[in-house]
Each structure stands twice: as C-alpha cells, then as structure tokens.
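Structure, as structure tokens:
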Amino acid sequence: MRSEKGAAEATATDSPRREKLLAVAAELFLHNGYDSVTVDMICAKAGISGPALYRHFQNKQALLIAVVEKDLKSLHRFARETVESQPDPATALAIMVEHHILSVIDAPPTPLIFHKNEHAFPEADRRRIRREMNLYAEEWISTVSPLRPDLSEPQVRLLTQSVFSMLNAVSTLNKGLDHGAIVSTMSYAAIQALTAIP
2 MRSEKGAAEA TATDSPRREK LLAVAAELFL HNGYDSVTVD MICAKAGISG
52 PALYRHFQNK QALLIAVVEK DLKSLHRFAR ETVESQPDPA TALAIMVEHH
102 ILSVIDAPPT PLIFHKNEHA FPEADRRRIR REMNLYAEEW ISTVSPLRPD
152 LSEPQVRLLT QSVFSMLNAV STLNKGLDHG AIVSTMSYAA IQALTAIP
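Using this note's numbering, the first residue of the sequence shown is number 2, and each one after it goes up by one.
Here it is in structure tokens:
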C-alpha cells in the first residue's frame, strides 16, 4: 500500500508528461478540492494512465505537494533574485508585481490551492510550505517598507497580504481579457495600493 506521507517523488528532470500532470492536478485541486479529486480523474484529464502517474509521483498527496511547492519555490526565487539585483525598490516591486500576475494568469495560484486543501498536507509539509510562503512575502515587505515610510511594519504586512489576495483573485475573476490588459490593469492597481501615500 502506498504511503500518504512525504514529499513529491519526481523524475530527475521535469518531463512534459510530469508537467502535464502538475497542470491538470492544479486545476482539479483548486476547483474541486483534494477530497473530491481521484487519481482516475487526474489521469483521464491528462490523458495518462495510472501506472504512468505513479512513475512520477508516489500518490495523490505527493502530487498535491508537488503542485504547491513547484510554483511557490519559483516565485520566491524570482523575488529574491529581483530584490538582490535591483537597488531601486520601486523598480524591484514593479518587476515582482508583474511576475506574480503572469504566474496567476498562466496557472492556478499556489496560495489558493494550498489554503483550499491545507487539511490534506502532512504537518511537516504544511509547515515547510507556510515557511516558504512567509519568505516570499518577506521579499515584498522588505521592498514595500522603504516606499511607505508612513506605515508601520504590521501595516505593511497587512497591505502586502491584501494585495496578494487581490492579485490571486485574477485566476477566478478573469472574464476573457487578454494578458496585456490584465497585467496593465492589475499592475497599476497593485502598485497604487502598495505605494500611494495618502
């Protein structure tokens, strides 16, 4: 019997089949919830057999963990590298905002998948993912803080998390706008919310 505990078991490189499984599972976990999604549903939508899925992931839970960790680590890495390479916080923030919006357009947002299915994660994985989410948020907070000297640190944290919620909602509220319109509209809204001093 396959264990329901542990991180994703992946191949050495990201194969197209593995990427397809991750994309399909992300959509299903977001819209249906972990408990309602079966391995058969994932395989059918991905056009992949059950044995093929198990060559990439130990079980459904491992697939859920991989879905969340993959995009979250990518977001955090991009934010960290942006902050390190851009001395101007306003420039760094604009780059991070656009990247976050594009990531939400291209795939279901990781935080929404995690929060909807948090009960399905083993405690160790839940803690690790929350830590990664906090580290990602810290990159934003450290960038916004010098742009908002009028706010205390708790206020900057609240503002940043509120903007995250707004940007992540793009995945469910998008009504057929093209990518350019979404990015320009939401980038302006996010930058204004984060930096405009009353």
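Here a beta-carbon is modelled for each residue, glycine too, at the ideal position from N, C-alpha and C.
Among Tyr55, Val157 and Glu139, whose alpha-carbon lies nearest the alpha-carbon of Cys44?
Tyr55
According to DSSP, simplified to helix, strand and coil, what is Ala121?
helix
Please determine, among Trp141, Tyr35, Ala182 and Arg158, the residue with the shortest C-alpha to C-alpha distance to Val98.
Trp141
Is it a yes or a no for the region 103-122 touching the region 81-92, going by three-plus beta-carbon pairs under 8 Å?
no
By a C-beta neighbour count over all protein chains shown, 10 Å radius and 16 as the cutoff for buried, is Asn135 buried or exposed?
exposed
In chain order, what residues of the same chain lie with their CB nearer than 7 Å to the CB of Val157, ignoring the 5 residues before and after it?
Here Val157 has Ile142, Val145, Ser146 and Arg149 as same chain residues with Cβ atoms under 7 Å from its own Cβ, once five neighbours each way along the sequence are excluded.
Please confirm whether Glu99 has its beta-carbon closer than 8 Å to some beta-carbon of chain C.
Absent from the structure is chain C; it holds one protein chain and no more.
In the DSSP assignment, the alpha helix (DSSP H) including Arg149 goes from what residue to what residue?
First-last for Arg149: undefined, no H or E at that position.
Straight-line gap, His57 to Ile198 (C-alpha atoms, nearest Å)
Rounded to the nearest whole angstrom, the C-alpha separation of His57 and Ile198 is 49 Å.
Suppose only complete runs of 4+ residues qualify. What are the alpha helix (DSSP H) ranges in the region 54-109, listed by chain order?
61-86 and 90-107
Output the distance between the C-alpha atoms of Asn33 and Pro88, rounded to the nearest integer angstrom.
42 Å
So what does DSSP say about Ala197, is it helix, strand or coil?
coil
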